[in-house]
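**Q** The structure is given below, and queries will be raised subsequently.
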């Protein structure tokens, strides 16, 4: 029984991590109909940034978040303006392809610059845990869960309270109508993309103390976040959080029951099931696939 | 005589004949016959031209972005080698089994995805490609895991295994010709027109009575079958396979890249892409391969980004437009004089 409690706790904490990674992905999709295949790679870049800040300057990974947010926001701005903005009006095929090209580029740039070594951040409190004798809560996992909740709340406040947040929401609901109401859609796309990259940057900082860092680390989390986002409904931010928790639980349970390495196969099973039964996600309505 | 005339009049036939002639001569001419590097490059060029053309059916004509074609390639390679090693089945029968399995896999992936619009198909193909690689690593009782498998060394036509490189050259030419013939037929078939209509506007095509999901699924099955054949030829040529070489996502990306660079949705685009990219790839690997890891993929990505931004239709169609424009200009100037 206790082991199942522990699995449940682990699942929910891991789910928070998945949710945090997926929020930005679903935000970007909701606004501009782009599946950002390079999402996991932005996570990887952020993890490396946090790692170097820690190694070169002795900065605590959680303190690094203060710097990561503006850095990744600017990275998002520049990447969007240089690669996606020129082709945003073209067919979906080209925008997807562009993010795939970015994925290959970032992954292999990381390989060139920092080689394939597996690195990890050593902080003295990483191994400590709280809880009862039987159920343990790892400090770093609790921290990342709290960061996930905080980021989600922050993002939702931005979306509902600020002018740019409202334009993002309006554009994701109906881009033509938003344009007619005087929303600068190009600016909205740019900000939404940069916000999405900034949130995945936060995720990178939250993950860096827990997981090893290597050039392809993004693929593993990227695949999971695609499943989370489809499960929660493409473009649905609260849905991504619920989806993240579900995938976290599935991850934790299948990790206990099945041999290592089969997790991804389980994700795919869930993914195909969702596509078959509820293609708009668990809470979705309306036409399948939305948008175009 | 009339055949020669028809070749000269038909640019496509001329191009194919030229490629075949150059390839065969380069394989047999003494100067290069001994040069393993050049022979290998020609075989790879032909094989990749075939693979990119196979991807072009679903990606270029139907406009459905498959990012996991390495899955079918790997299914082809593993089926033929495992059947030969474990059950002593002839690779020629293995080839049929490989095609069958790839088509089944295509149905399993395509059937749920093609009923939906949006990016679901692209997402699913990435996931499936990755999962097949993971399964090939973890089902080590069957696949020998990361150790990989060597092809059984029994040479001869019956074993589809040859000591001479030119035999593989001929196999690759036959493969490319088969795929191109199918694409050519497809272009002028009802299915081909359906696919282009779906690519341009699926809702409009549906409203005119095109069964979009069925057309896309058929195209995907055809594309998967050819990709599996490519995988079989690769395995019989390289003589060793492991999950990270035949299920690598880089393979899927290369098929996409070559098609985009050459020209999506055109008969000759993927061939042009392979003719340009394979030598580039081989030279980069030869010069930097050992020292700078990841460099050739960085160059790939940069080329892909530039092509999408500057000449999204690919080099082939863009060039032929220039030529046409130039021709017209020359003609009209000629009229004035």
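Protein chains in written order, with my numbering: chain U, 7 to 298; chain B, 4 to 340.
Glycine included, C-beta positions come from ideal geometry on N, C-alpha and C.
1. Taking just the CA atoms, how far does residue 73 of chain B sit from residue 232 of chain B?
2. I believe residue 202 of chain U touches residue 31 of chain U by the beta-carbon criterion, under 8 Å. Please report the beta-carbon distance rounded to the nearest angstrom.
3. Let's test the definition: count the other Cβ atoms within 10 Å of the Cβ of residue 193 of chain B and tell me whether it reaches 16, buried, or not, exposed.
4. How far does the beta strand (DSSP E) with residue 136 of chain U in it extend, from its first residue to its last?
5. So if I threshold CB-CB distances at 9 Å, which residues from the stretch 33 to 61 of chain U count as touching chain B?
6. Would you call residue 107 of chain B buried or exposed, if buried means 16 or more other Cβ atoms sit within 10 Å of its Cβ?
7. Between the Cα of residue 135 of chain B and the Cα atoms of B:325, B:176 and B:251, which residue gives the shortest distance?
8. Can you tell me where the alpha helix (DSSP H) with residue 100 of chain U in it begins and where it stops?
9. Report back the beta-carbon spacing between residue 46 of chain U and residue 249 of chain U to the nearest angstrom; my notes put them in contact at under 8 Å.
10. Under three-state DSSP, which class holds residue 81 of chain B?
11. Quick one: Cα of residue 344 of chain B to Cα of residue 169 of chain B, how far?
12. Should residue 115 of chain B be labelled buried (16 or more other beta-carbon atoms within 10 Å of its own) or exposed?
13. DSSP beta-bridge partners for residue 164 of chain B?
14. Starting from the Cα of residue 274 of chain B, find the closest Cα among B:119, B:157, B:58 and B:38 and give me that residue.
15. Looking only at C-alpha atoms, which of U:72, U:171 and U:214 sits nearest to residue 61 of chain U?
16. What number of angstroms, rounded off, separates the C-alpha of residue 231 of chain U from the C-alpha of residue 323 of chain B?
17. Going along the chain, which residues of its own chain have a beta-carbon closer than 7 Å to the beta-carbon of residue 134 of chain U, five neighbours each way excluded?
18. Mind checking if residue 349 of chain U is an interface residue toward chain B, Cβ cutoff 8 Å exclusive?
19. Per DSSP, what kind of secondary structure is residue 147 of chain B in: helix, strand or coil?
20. Using a Cβ-Cβ cutoff of 8 Å, what residues of the stretch 122 to 150 of chain B are near chain U? List them in chain order.
21. Grouping DSSP H, G and I as helix and E and B as strand, with all else coil, what is residue 34 of chain U?
22. According to DSSP, is residue 69 of chain B helix, strand or coil?
23. Which residues in chain B sit within 9 Å of residue 157 of chain U, going by Cβ to Cβ distance?
24. Between the stretch 280 to 300 of chain B and chain U, which residues of the former have a C-beta closer than 7 Å to a C-beta of the latter?
25. Is it buried or exposed, residue 292 of chain U, if we count other Cβ atoms within 10 angstroms and call 16 or more buried?
26. Select from B:129, B:282, B:84 and B:220 the residue whose C-alpha is nearest the C-alpha of residue 225 of chain U.
27. Between residue 94 of chain U and residue 146 of chain B, what straight-line distance do the alpha-carbon atoms span, to the nearest angstrom?
28. What does the alpha-carbon distance come out to for the pair residue 140 of chain B and residue 290 of chain B?
29. Return the chain-ordered list of same chain residues with a C-beta closer than 6 Å to the C-beta of residue 105 of chain U, the five sequence neighbours on each side being excluded.
30. Strictly below 7 Å CB to CB, what residues from chain U border residue 74 of chain B?
31. Determine the DSSP secondary structure at residue 240 of chain B, reduced to helix, strand or coil.
32. Compare the C-alpha of residue 368 of chain B against each of B:198, B:303, B:64 and B:62 and name the closest.
33. If the cut-off is 8 Å on Cβ atoms, which residues from the stretch 270 to 292 of chain U count as contacting chain B, listed in chain order?
34. Kindly list the residues whose CB is nearer than 6 Å to the CB of residue 149 of chain U, restricted to its own chain and excluding five residues on each side of it in sequence; keep chain order.
35. Beta carbon of residue 218 of chain U, beta carbon of residue 17 of chain U: below 8 Å?
**A** Taking the definition as stated:
1. Taking the straight line from one Cα to the other gives about 12 Å.
2. Beta-carbon to beta-carbon, residue 202 of chain U and residue 31 of chain U are separated by about 7 Å, close enough to satisfy the 8 Å threshold.
3. exposed
4. 135 to 137
5. 35, 39, 40, 41 and 43
6. Burial call: exposed.
7. The residue with the shortest Cα to Cα distance from residue 135 of chain B is B:251.
8. 98 to 120
9. About 16 Å; that fails the 8 Å criterion.
10. helix
11. A query on residue 344 of chain B cannot be resolved here, the shown segment of chain B reaching from 4 to 340 and no further.
12. buried
13. B:159
14. Considering only alpha carbons, the answer is B:58.
15. Residue U:214 holds the alpha-carbon nearest to the alpha-carbon of residue 61 of chain U among U:72, U:171 and U:214.
16. Per the coordinates, the alpha-carbon of residue 231 of chain U lies some 42 Å from the alpha-carbon of residue 323 of chain B.
17. Excluding sequence neighbours, residue 134 of chain U sits near 145.
18. Beyond the ends of chain U as shown, which are 7 and 298, falls residue 349 of chain U; an answer cannot be given.
19. coil
20. So the close ones are 122, 123, 125, 126, 127, 129, 130, 131, 133, 134, 137, 138, 140 and 141.
21. The three-state secondary structure of residue 34 of chain U, taken from DSSP, is helix.
22. coil
23. Those do not exist, as residue 157 of chain U stays about 24 Å from chain B at its closest Cβ, beyond 9 Å.
24. 295, 296, 297, 298 and 300
25. Its pLDDT being 41, under 50, residue 292 of chain U is placed unreliably by the model, and nothing is read from it.
26. B:129
27. Whole-angstrom Cα-Cα distance: 43 Å.
28. 31 Å
29. 42, 43 and 44
30. Residues of chain U passing the Cβ test: none, with the nearest at roughly 11 Å.
31. The answer is helix: DSSP assigns residue 240 of chain B an H, G or I state.
32. This structure does not reach residue 368 of chain B, given that chain B is present from 4 up to 340, and the question cannot be answered.
33. 270, 271, 273, 274, 277, 278, 281, 282 and 285
34. There are no such residues.
35. no
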